[in-house]
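Undergrad: If you read the sequence shown in this note's numbering, its first letter stands for residue 1, the second for the next number, and so on. Where a beta carbon is used, it is the ideal one built from N, C-alpha and C, also for glycine.
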Amino acid sequence: MIGGSYIPESIDPVTHSGGPLGRIGVYESLFRVTRDVGIEPQLADEWHVSPDGTTWTIGIRDGVQFHDGTSLMSEAVAFSLSRAFDEASLLSPLPVESISATDTHEVVITTGERFAPLPSYLAHRYATVISQSSISDSDGFVEPVGTGPYMFDSWESGKSITATKNSDYYGSSPQVDRVVYEGIRDNQTKVSSLDAGESDIVVNLPVSAMERISRAEDTRTQTTRTPQSRFLAYNVREPPFDDLRVRQAVNHAIDTQTIARTILEGIGDPAIGPFSPELTGWANDELEPYEYSPDRARSLLAEAGWTLEADGDELRHRDGTPFDVVLRTYTRRPELRIIATAIQNQLRAVGINVEINITEWSALNEDMQAGETDFSLLSFNFFWVPDPDRAMSFYHSEDTQIYTGYEDSEVDDLIERGRRTTDDDERKRIYERVQEIVHDDTPLGMLTYSETVTGIRNRIEDFTLHPTMYSHGVQNIRLH
Numbered sequence: 001m002i003g004g005s006y007i008p009e010s011i012d013p014v015t016h017s018g019g020p021l022g023r024i025g026v027y028e029s030l031f032r033v034t035r036d037v038g039i040e041p042q043l044a045d046e047w048h049v050s051p052d053g054t055t056w057t058i059g060i061r062d063g064v065q066f067h068d069g070t071s072l073m074s075e076a077v078a079f080s081l082s083r084a085f086d087e088a089s090l091l092s093p094l095p096v097e098s099i100s101a102t103d104t105h106e107v108v109i110t111t112g113e114r115f116a117p118l119p120s121y122l123a124h125r126y127a128t129v130i131s132q133s134s135i136s137d138s139d140g141f142v143e144p145v146g147t148g149p150y151m152f153d154s155w156e157s158g159k160s161i162t163a164t165k166n167s168d169y170y171g172s173s174p175q176v177d178r179v180v181y182e183g184i185r186d187n188q189t190k191v192s193s194l195d196a197g198e199s200d201i202v203v204n205l206p207v208s209a210m211e212r213i214s215r216a217e218d219t220r221t222q223t224t225r226t227p228q229s230r231f232l233a234y235n236v237r238e239p240p241f242d243d244l245r246v247r248q249a250v251n252h253a254i255d256t257q258t259i260a261r262t263i264l265e266g267i268g269d270p271a272i273g274p275f276s277p278e279l280t281g282w283a284n285d286e287l288e289p290y291e292y293s294p295d296r297a298r299s300l301l302a303e304a305g306w307t308l309e310a311d312g313d314e315l316r317h318r319d320g321t322p323f324d325v326v327l328r329t330y331t332r333r334p335e336l337r338i339i340a341t342a343i344q345n346q347l348r349a350v351g352i353n354v355e356i357n358i359t360e361w362s363a364l365n366e367d368m369q370a371g372e373t374d375f376s377l378l379s380f381n382f383f384w385v386p387d388p389d390r391a392m393s394f395y396h397s398e399d400t401q402i403y404t405g406y407e408d409s410e411v412d413d414l415i416e417r418g419r420r421t422t423d424d425d426e427r428k429r430i431y432e433r434v435q436e437i438v439h440d441d442t443p444l445g446m447l448t449y450s451e452t453v454t455g456i457r458n459r460i461e462d463f464t465l466h467p468t469m470y471s472h473g474v475q476n477i478r479l480h
């Protein structure tokens, strides 16, 4: 059994991006994410784009069967993608105009403009290819029928998913006959589940348990660098974070080294920009981190009019108003609660009073979209799509994923140029410039890059977590 933080709340890929069903190998897409955070064909076997960059012709792999026994044909691919681009929140804003099956094993996708990262979006779990038997005219989505090495068996909403070996898989045959994925959010439950042998693999093990699990006779740990980053999302349209000096002051007031070294116990490093240089070549290596300097923070706050009104005051005021803000975060990632407390203490030292509010992600997300937050502590996978376009889009004025209210015409123009440019060297120059601008404007205050700790029972062999957690590599696991 695999225990993970993601709770299986849906088995429909367009509403839950495939979630655990993609990670354990039930669902597949036209392209898959490689370990170096690129893409390669999966259900596609070749592809090319027209000279004007708006017509993508994709050949479909021959000899593939769905779990219902029907053959993979272009009609099912066009059906799946049309549904995904109509309904999935990540894909529906993209400039796709039509998707058509032009031959038994060929699909043509047309876009209204050049859109270089399209194949990378087709690697996302929202773009899963499913059999048309998954959908009923009367009942909608009925059952996951994919093409992967494992077949859907059953699920318990909000708790677990069970899958069984696909003996007719077109690729290498899985070694394990049955896989159970269970969503476990509580850290202590994760640890006890691994200790008791109820779980063979636990992803996102708490760092505090790492040393003991590593030393135990029957278990070991594995640490994987991931593109997950922790950061502060400032609401730049409302006081006090509409003032750049205040945002920069907060960045200088936070000791990211201590957070990484002490709270995270060395599992993760201080972040500079959105991309970890160790994981991808898209990072701007010229960026300098915000130095931890409470004195610099105090000076910037004073410049912005936030002063200590009398000797002995601990809290800053401006025009008689105390500097009180609410830091929002969410329950899905337990380490955020501890980091929030550290930030609260560090900002108090420069005269900022922080109240911490912790809710479910859905409630926080709704309030961010409404512009009703001061600032929020988040943890996001910046390569959720294996192309810099998605992460850069967080800084676009029309972004709806991480609402900060940030607007910059040059940034918008650069992001749009990056989407239209097919030359990787030119795209890198474009995105380096975006990173430079937003590093200075800091609508997002970067905190730490992430590493994921996985606890593994020693009877499991050949398990390696994918850096983007695109896959849990169940297909390759052997039992000792």
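1) My parser needs the alpha helix (DSSP H) runs of 4 or more residues fully inside the stretch 74-107; what are they?
2) Going by beta carbon distance, what residues of the same chain come within less than 6 Å of Val49, once the five residues before and after it are set aside?
3) With which residues is Gly3 paired in a DSSP beta bridge?
4) Could you give the residue range of the alpha helix (DSSP H) that holds Arg480?
5) Drop a sphere of 10 angstroms on the beta-carbon of Gln228, count the other beta-carbons inside from all chains shown, and report buried for 16 or more, exposed for fewer.
6) From which residue to which residue does the beta strand (DSSP E) around Lys165 run?
7) Going by C-alpha distance, which of Asn365, Ala363, Val77, Asp45 is nearest Asp62?
8) Please report how far the alpha carbon of Gly18 lies from the alpha carbon of Ile7, in whole angstroms.
9) What residue range does the alpha helix (DSSP H) around Thr329 cover?
10) Might you give, ordered along the chain, the residues of its own chain that have their beta carbon closer than 7 Å to the beta carbon of Pro485, omitting 5 neighbours on each side?
11) Determine whether the beta carbon atoms of Pro144 and Leu21 lie at a separation below 8 Å.
12) Would Leu94 and Ala84 be called neighbours here (beta carbons separated by less than 8 Å)?
13) Which partner residues of Gly445 appear in the DSSP bridge assignment?
14) Since I believe Gln175 is in contact with Trp478 (beta carbons under 8 Å), could you give me their beta-carbon distance rounded to a whole number of angstroms?
15) I want to know whether the stretch 210-225 touches the stretch 437-457 - three or more CB-CB distances under 8 Å.
16) Please state the DSSP three-state secondary structure of Ala340.
17) What three-state label does DSSP hand Glu461 in the structure shown?
18) Keeping to the same chain, check which residues put their C-beta closer than 6 Å to that of Glu451; ignore five residues upstream and five downstream.
19) Once you ignore the five residues that flank Arg420 on each side, which residues in its own chain have a CB closer than 8 Å to its CB?
20) Indicate whether the contact test is met: 3 or more Cβ pairs, each with one atom in the stretch 286-299 and one in the stretch 429-449, closer than 8 Å.
21) With H, G and I counted as helix, E and B as strand and the rest as coil, what does DSSP make of Gln175?
22) Can you tell me whether Asn345 is buried or exposed? The criterion is at least 16 other CB atoms within 10 Å of its CB, across all chains shown.
23) Glu314 by DSSP, collapsed to three states: which one?
24) By alpha-carbon positions, which one of Ile109, Gly25, Thr400 ends up nearest to Ser82?
25) Using only the alpha-carbon positions, how far apart do Ala78 and Thr221 sit?
26) Can at least three beta-carbon pairs, one atom from the stretch 254-266 and one from the stretch 341-357, be found at a separation below 8 Å?
27) Tell me the residue span of the beta strand (DSSP E) that contains Arg32.
28) Mind checking whether Ile358 and Ile263 have CB atoms under 8 Å apart?
29) Excluding the 5 residues preceding and the 5 following Glu75 in the sequence, name in chain order all residues of the same chain whose CB lies nearer than 7 Å to its CB.
30) What residue does the alpha helix (DSSP H) around Tyr395 start on, and which one ends it?
31) Please name the residue, chosen from Ser192, Asp200, Ala196, that lies closest to Pro206 on a Cα-to-Cα basis.
32) In the DSSP assignment, find the unbroken beta strand (DSSP E) run with Val64 in it and report its ends.
33) Under the three-state reduction of DSSP, which class applies to Tyr292: helix, strand or coil?
34) Whole angstroms are fine: how far does the CA of Gly371 sit from the CA of Thr464?
TA: Concretely, from the data shown:
1) If we require 4 residues or more, the alpha helix (DSSP H) runs fully inside the stretch 74-107 come out as 74-87.
2) Trp56
3) According to DSSP, Gly3 bridges with Glu182, Val202.
4) Going by the sequence as given, residue 480 is His instead of Arg. Counting along the chain, His480 falls outside any alpha helix (DSSP H), and DSSP gives it neither H nor E.
5) By the neighbour-count criterion, in which 16 or more other beta carbons inside 10 Å mark a residue as buried, Gln228 falls on the buried side.
6) Counting along the chain, the beta strand (DSSP E) containing Lys165 begins and ends at 160-165.
7) Asp45
8) Confidence at Gly18 is low in this model, with a pLDDT of 49, below 50, so the placement of that residue should be treated as unreliable; the coordinate-derived value is given next. Roughly 12 Å between the two C-alpha positions.
9) It is not in any alpha helix (DSSP H) - Thr329 instead sits in the beta strand (DSSP E) that spans 324-330.
10) The shown model of the chain, from 1 to 480, leaves out residue 485, and the question about it has no answer.
11) Yes, these two residues count as a Cβ contact at 8 Å.
12) no
13) Leu232
14) Here residue 478 is Arg; the residue named in the question, Trp, does not match the sequence. Indeed, because the Cβ distance is near 5 Å, the residues count as touching under 8 Å.
15) yes
16) Assignment of Ala340 by DSSP, reduced to helix, strand and coil, places it in the helix class.
17) strand
18) Thr223, Arg225, Ile267, Gly268
19) Gly53, Glu113, Arg114, Phe115, Ala116
20) yes
21) coil
22) Flag for Asn345 reads exposed.
23) coil
24) Ile109
25) 42 Å
26) Yes, since at least three Cβ pairs between the stretch 254-266 and the stretch 341-357 fall closer than 8 Å, the two stretches touch.
27) Run containing Arg32: 31-33, per the beta strand (DSSP E) assignment.
28) No; because the gap between Cβ atoms is not below 8 Å, this pair is not in contact.
29) Ala101
30) Taken as a continuous stretch (DSSP letters only), Tyr395 belongs to no alpha helix (DSSP H), as it is neither H nor E.
31) Ser192
32) No beta strand (DSSP E) holds Val64; DSSP gives it neither H nor E.
33) Of the three classes helix, strand and coil, the one that applies to Tyr292 here is coil, per DSSP.
34) 40 Å
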